[in-house]
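What follows is a single structure, written as structure tokens, with notes after it.
Residue numbers (the working numbering), protein chains in the order written: chain A, 3 to 324; chain B, 235 to 486.
Rendered as structure tokens:
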């Protein structure tokens, strides 16, 4: 019954998201699109943190690399071809994750956190301190990618509604892909590695390869998010690869509840929502944000998605006592 | 002569200045339960860790069915048929018993590339898992969460997982550790049943159990093999009595 409730809830949210552009202003539609993109980003990290047990603190690197690839592929006075730019940026993020994964996956625990951060900082400074991507100013995408295939355009990303639904479709596709992957034999192995990697080795699994595959897939999906983010806002800056960004996405995963794709989505909604509310209240919004996160970690172990069940358990527990 | 599955020749392991295993020779045959005895610090764990690939030997050769496997890692050895259980229960506590064993069985045909098939819809792995659960005496417990079972049942699951990998050589590190007498008796029955088709190395402290099931006993002291032979020979050996059995008696 509980899973039915959760399915109905998800469908209702989805219906709201689909109907949103018809009612909401373009400003808020852009914000919803931003949340959906960050949800993709958070889900990709959750594959590592929540399902494989790899706490990466450098996940923004792959987001940022993909964003830069689409920006660099866009000529100054012409749009890039969507069907080239999207695969190219995702592939670049995947390749970066694969290569970095070869090194970082040899470490564990706190060292893994630090080494992923170190590689992400290296990538950050490549864009920040070299003229490759416009230095610290970043670059503008003057044109959104062109979706035309041999002269025929199924949709036009310059149309805000088209772009919005493109983002919705991408988010659903990533969600569906991860759901399938997680119930496959491969996904089961990842969860086993998270639970007890040593035993997985002694059962005959080459765990390094599985972790590398997960790291690469997570990097590629972060690349999907980075690509969409660059296209939505029309510019890229080195901040996309910064440790703040890596921290934000990690917070989304923790806030929503690790090891739960719905949780990653809820975390993205919560973080962007809180940011929006707090910045409208005070200049020192980060103080409020910090306090909220500390409170959330203290009082909502398991994150947002675990909270309804905890409340129900408390209510039922109270009843049985009476 | 029975078929030798796993053997070690001159297997040595040093940790800095300490020699934990000194030229150990050992062979495991199908149908034979070979027990490894010795006081704490004798090098039994080091020995089993080298056989399972958890620890590389400093010197010596390990052969499986005649082939040199000294350089193989733990997961590669598992793949060719060498399974091990652990002294400290090493299961997936939050998974069900069935999922623990299904994961073990899946490792025989991992198919990591089939990203879009449902793992639970692959009948071979589920069937093999169920067979292993039944063989280890855990039928009816399939859907229990492993971490909530009794210690004895978790020890049985530990063995069931090794069986689910279709291992021909079982390296069992103190399967009786912490068990009550009834559970121990069940485990001894299980070991007797398992050895018919497999080669078993049993590292164990429980003397009564060892003499009840072992066909061959190797006694290690200070990293070296003191004596190896059938149980009667070991029981009557003055060297063993002096070094180990007598040694223990002194403490009592």
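Even glycine gets a Cβ: it sits at the ideal position worked out from N, Cα and C.
Model, not experiment: these values are computed from the prediction.
Exercise for review: Measure the beta-carbon distance from residue 98 of chain A to residue 150 of chain A and round it to whole angstroms, keeping in mind my assumption that it falls under 8 Å.
Suggested key: Wrong, their Cβ atoms sit about 29 Å apart, outside the cutoff.
Check your understanding: What did DSSP end up calling residue 108 of chain A once you bin it into helix, strand or coil?
Key -> Judged by DSSP in its simplified three-state form, residue 108 of chain A adopts coil rather than helix or strand.
**Study point:** residue 287 of chain A - partner residues in DSSP beta bridges
**Key:** In DSSP, residue 287 of chain A forms no bridge with anything.
Review point. Out of A:53, A:237 and A:10, which has the shortest C-alpha to C-alpha gap to residue 78 of chain A?
Key: A:237
Review point. Does residue 188 of chain A have its Cβ less than 8 Å from a Cβ in chain D?
Key: Any reference to chain D falls outside this structure, whose protein chains are A and B.
Check your understanding: Would you call the CB atoms of residue 281 of chain B and residue 441 of chain B closer than 8 Å?
Key -> no
Point to revise | Those residues which DSSP pairs with residue 403 of chain B across a bridge | key: B:316 and B:433
Review point. Do residue 72 of chain A and residue 233 of chain A come within 8 Å of each other at the CB atom, strictly closer than that value?
Key: yes
**Study point:** Contact set between residue 185 of chain A and chain B, taken where Cβ atoms lie within less than 8 Å
**Key:** 352, 353 and 354
Practice item. Return the CA-CA distance between residue 210 of chain A and residue 107 of chain A, expressed in angstroms with no decimal places. Key: The C-alpha of residue 107 of chain A is placed about 7 Å away from the C-alpha of residue 210 of chain A.
Practice item. Give me whichever residues DSSP pairs with residue 154 of chain A in a beta bridge. Key: Residue 154 of chain A pairs with A:151.
Point to revise | Contained alpha helix (DSSP H) runs [length at least 4] in the region 174 to 237 of chain A, N- to C-terminal order | key: Uninterrupted alpha helix (DSSP H) stretches at least 4 residues long and entirely within the region 174 to 237 of chain A occur at 187 to 204 and 209 to 235, given in chain order.
Exercise for review: On a CA-only basis, which of B:326, B:407 and B:323 is nearest residue 438 of chain B? Give me that one, please.
Suggested key: Of B:326, B:407 and B:323, the residue nearest in Cα terms is B:407.
Check your understanding: Roughly how many whole angstroms lie between the Cα atoms of residue 196 of chain B and residue 392 of chain B?
Key -> Since the displayed chain B opens at 235 and closes at 486, residue 196 of chain B lies outside it and no answer follows.
Check your understanding: Mind checking if residue 309 of chain B is an interface residue toward chain A, Cβ cutoff 8 Å exclusive?
Key -> Taking Cβ atoms only, chain A reaches closer than 8 Å to residue 309 of chain B, which makes this a yes.
Practice item. Take the Cβ of residue 268 of chain B as the centre, count every other Cβ of all protein chains shown within 10 Å, and call the residue buried at 16 or more, exposed below. Key: buried
Review point. Does any CB atom of chain B fall closer than 8 Å to the CB of residue 204 of chain A?
Key: yes
Review point. Is it the case that the Cβ atoms of residue 195 of chain A and residue 109 of chain A are separated by a distance below 8 Å?
Key: Going by C-beta atoms, residue 195 of chain A is not nearer than 8 Å to residue 109 of chain A.
Practice item. Entirely within the region 54 to 91 of chain A and at least 4 residues each: give me those alpha helix (DSSP H) ranges in chain order. Key: As far as the region 54 to 91 of chain A is concerned, its whole alpha helix (DSSP H) runs of at least 4 residues are 62 to 75.
Point to revise | Burial state of residue 284 of chain B, where buried means 16 or more other Cβ atoms lie within 10 Å | key: buried
Review point. Candidates A:258, A:121 and A:41: which alpha carbon is nearest residue 245 of chain A's?
Key: A:121
Practice item. Mind checking which residues open and close the beta strand (DSSP E) that includes residue 280 of chain B? Key: First-last for residue 280 of chain B: 278 to 286, but that is the alpha helix (DSSP H), not the beta strand (DSSP E).
Practice item. Per DSSP, which residues does residue 302 of chain B bridge with? Please list them. Key: B:297
**Study point:** Burial state of residue 250 of chain B, where buried means 16 or more other Cβ atoms lie within 10 Å
**Key:** exposed
Point to revise | Integer Cβ distance of residue 7 of chain A from residue 349 of chain B, believed to fall under 8 Å | key: Going by Cβ atoms, the distance from residue 7 of chain A to residue 349 of chain B rounds to 29 Å, so no, they are not a contact pair.
Exercise for review: Going by DSSP, name the residue or residues bridged to residue 331 of chain B.
Suggested key: Looking at the DSSP assignment, residue 331 of chain B forms no beta bridge with any residue, so it has no partner.
Check your understanding: For a contact meaning CB atoms closer than 7 Å, what does residue 292 of chain B contact in chain A?
Key -> Those do not exist, as residue 292 of chain B stays about 21 Å from chain A at its closest Cβ, beyond 7 Å.
Review point. If you draw a straight line from the alpha carbon of residue 272 of chain B to that of residue 291 of chain B, how long is it in whole angstroms?
Key: 20 Å
Review point. With C-beta atoms as the reference, is residue 129 of chain A less than 8 Å away from residue 243 of chain A?
Key: With respect to the 8 Å criterion, residue 129 of chain A and residue 243 of chain A are classified as neighbours on the basis of their beta carbons.
Check your understanding: Under a Cβ-count criterion, where at least 16 other Cβ atoms within 10 Å of its own Cβ denotes burial, should residue 485 of chain B be classed as buried or exposed?
Key -> Unreliable positioning characterises residue 485 of chain B in this predicted model, as indicated by a pLDDT of 45, which lies under 50. The coordinate reading is nonetheless provided below. In the assembly as shown, residue 485 of chain B is an exposed residue. Its beta-carbon has fewer than 16 other beta-carbons within 10 Å.
Practice item. Taking 8 Å as the threshold, find out whether the region 290 to 309 of chain B comes into contact with the region 198 to 208 of chain A through three or more Cβ pairs. Key: yes
Practice item. With a cut-off of 8 Å on the beta carbons, I'd call residue 80 of chain A and residue 29 of chain A a contact; round off their distance for me. Key: With 8 Å as the limit, residue 80 of chain A and residue 29 of chain A do not qualify as a contact, their Cβ atoms being about 28 Å apart.
**Study point:** Reduced DSSP secondary structure (H/G/I, E/B, other) of residue 145 of chain A
**Key:** coil
**Study point:** Interface residues of chain A facing residue 340 of chain B [CB-CB closer than 8 Å]
**Key:** Ordered by position in chain A, the residues that pass the 8 Å Cβ test against residue 340 of chain B are 187, 190 and 191.
Point to revise | Under 8 Å between C-beta atoms of residue 240 of chain B and residue 403 of chain B | key: Cβ distance < 8 Å, so residue 240 of chain B and residue 403 of chain B count as in contact.
Review point. For residue 323 of chain B and chain A, any beta-carbon pair shorter than 8 Å?
Key: no
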